[in-house]
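Report on the structure given below.
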Amino acid sequence: MSSELRGLAGKRVLITGGGKGQGANHARAFAAAGCDVAVLDIDHDINNIYPLSTAAMIAETVKEIESCGRQAVGVVADLRDELAVKKAIDEVIGRLGQIDIVVNNAGVAALDTIHDMRSDVMNAVIDTNLKGAMHVAKYTVGPMIGRYLNGEESGKIINIASAVVGSGHAMLSHYVAAKHGVVGLTSAWAMELSEFNINVNAVCPGTIEPGAGRGSGMVQGLSAVMDMPPMEAFETFSAQGNMPGSKWRCTVQDITDMVLFLASDNARVITGAIIPVDGGQMAK
Ligand SMILES: NC(=O)c1ccc[n+]([C@@H]2O[C@H](COP(=O)([O-])OP(=O)(O)OC[C@H]3O[C@@H](n4cnc5c(N)ncnc54)[C@H](O)[C@@H]3O)[C@@H](O)[C@H]2O)c1
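Heads up: the sequence shown runs through residues 46 to 329, numbered per my numbering.
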């Protein structure tokens, strides 16, 4: 049997935060692998957080998916708003028929000390990274279970956590706590959903090479606050966190490769796994 990725063609994928960054790269890769793809994203910024997606960025991802000959859906929702998430997921299911694969990718980070933590930022970080993923699961898991009970293939969930769950990080305590929460959700969901044949796994990216515009925005955004050029911040975080040597630098494509693997039939018996793709950060 071939070791190429199996079982992706024809699947319907929902990616949160697909307007830019890692999510947009995942969307392009799923479309190239023969999937129909829906991207759910916010179209405006959040107070005190670096720039997020815009309507034009979401439209650009939709165009990229369609250029692969696949069906694309772009829906706008703020993950912090449960009702908006429900409405967006209803629309995706209405237009694609069903959702086979969920990638909980959207997230925000910020730099705050413990004692001067900005309340609105703390809420944005916890509510997007942690509760946002819970909102998405709440409205996508039911139909997956229903398909299982009908004797059909059910689905897969891939959560994007972070390698920060493997080490201490000053100034990021809200973000680190939220990503630990994502790891907790992953094992709890894997337990609860195994009887319905639903795989639930998490990927823990290391520091990702940043890019302006639709590139990966997290390091880009944090570097601006630190008054440091983005690539210098990338190099500084990677050199501190990862294994020594220039080989151990992470790009969006490294994360996309793992996400597609977990979504494929090749990862059939993998569930509840917390998988670092981090240049060795979590092993240190
Ligand atoms: N970039 C890194 O170094 C790094 C490292 C580890 C983990 N991660 C994680 O990877 C994921 C993707 O990050 P990225 O680097 O592509 O960042 P990015 O800022 O480029 O993309 C984040 C996406 O999430 C969306 N988003 C943010 N808040 C939202 C909300 N409330 N509702 C809906 N959508 C929202 C944004 O609009 C954007 O499309 C995040 O979960 C992040 O925590 C990133």
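For every residue, glycine included, the Cβ atom is placed at its ideal position computed from N, Cα and C. Keep in mind the model is a prediction, meaning the values are calculated, not measured.
If you draw a straight line from the alpha carbon of residue i to that of residue j, how long is it in whole angstroms?
i      : j      : result
ILE110 : ALA101 : 14 Å
ALA155 : HIS225 : 16 Å
GLY139 : SER268 : 40 Å
VAL170 : LEU141 : 30 Å
GLN116 : GLN143 : 13 Å
ILE340 : SER164 : As displayed, the chain neither begins before 46 nor continues past 329, which places residue 340 out of reach and without an answer.
CYS80  : LEU53  : 6 Å
ASP172 : GLY262 : 19 Å
GLY258 : ASP272 : 18 Å
LYS201 : VAL147 : 6 Å
ARG51  : GLY260 : 28 Å
ILE253 : VAL264 : 7 Å
ILE94  : LEU217 : 13 Å
ALA182 : MET162 : 29 Å
ALA206 : ASN174 : 8 Å
On the DSSP letters alone, give me the boundaries of the beta strand (DSSP E) that residue i sits inside.
i      : result
ARG115 : First-last for ARG115: undefined, no H or E at that position.
ILE146 : 146-149
VAL248 : 244-250
PRO321 : 319-322
THR158 : Here THR158 belongs to no beta strand (DSSP E), and DSSP marks it neither H nor E.
LEU217 : Counting along the chain, LEU217 falls outside any beta strand (DSSP E), and DSSP gives it neither H nor E.
ARG192 : Element bounds for ARG192: not the beta strand (DSSP E) but the alpha helix (DSSP H), 177-194.
LEU59  : 57-61
ASN204 : 201-205
Taking all protein chains shown into account, decide if residue i is buried (16 or more other Cβ within 10 angstroms of its Cβ) or exposed.
i      : result
ALA122 : buried
HIS180 : buried
ARG313 : exposed
VAL166 : buried
SER283 : buried
GLY213 : exposed
ILE159 : exposed
ASP310 : exposed
GLU49  : exposed
GLY290 : exposed
ALA328 : exposed
VAL186 : buried
My understanding is that residue i touches residue j, with C-beta atoms under 8 Å, so please give their C-beta distance in whole angstroms.
i      : j      : result
LEU124 : GLY177 : 3 Å
ILE60  : VAL82  : 6 Å
GLY66  : VAL297 : 7 Å
VAL209 : VAL221 : 5 Å
PRO250 : ASP302 : Their Cβ separation, rounded to whole angstroms, is 11 Å, which puts PRO250 and ASP302 out of contact at 8 Å.
ILE320 : ALA215 : Contact doesn't hold; Cβ gap of about 25 Å is too wide.
GLY325 : MET288 : 3 Å
Starting from the C-beta of residue i, find all residues in its chain whose C-beta is less than 7 Å away, skip the five residues before and the five after it, and write them out in chain order.
i      : result
TYR193 : SER199, PHE241 and ASN242
SER232 : GLY317
VAL120 : ALA83, LEU85, ALA133, GLU136 and VAL137
ASP90  : PRO96 and LEU97
TYR129 : Residue 129 is actually Ala in this sequence, not Tyr. So the qualifying residues of the chain are ALA122 and ASP123.
The alpha helix (DSSP H) with residue i in it runs from where to where?
i      : result
PRO274 : Unbroken run through PRO274: none, as it is neither H nor E.
ASP135 : 127-141
ASP90  : It is not in any alpha helix (DSSP H) - ASP90 carries neither H nor E in the DSSP assignment.
ARG73  : 66-77
THR301 : 297-308
Just to confirm my understanding: we take residue i, look at its own chain, exclude 5 residues before and 5 after, and list those with CB closer than 6 Å. What are they?
i      : result
PHE75  : VAL58 and VAL82
GLY62  : GLY68, ASP86, ASN150 and ALA151
THR106 : GLY63, GLY64, ALA69, ALA72 and VAL84
For residue i, which residues of its own chain have a beta-carbon under 8 Å away from its beta-carbon, when the five flanking residues on both sides are left out?
i      : result
MET236 : GLY317
ILE332 : Examination of residue 332 is not possible in this model, given that the chain is present from 46 through 329 alone.
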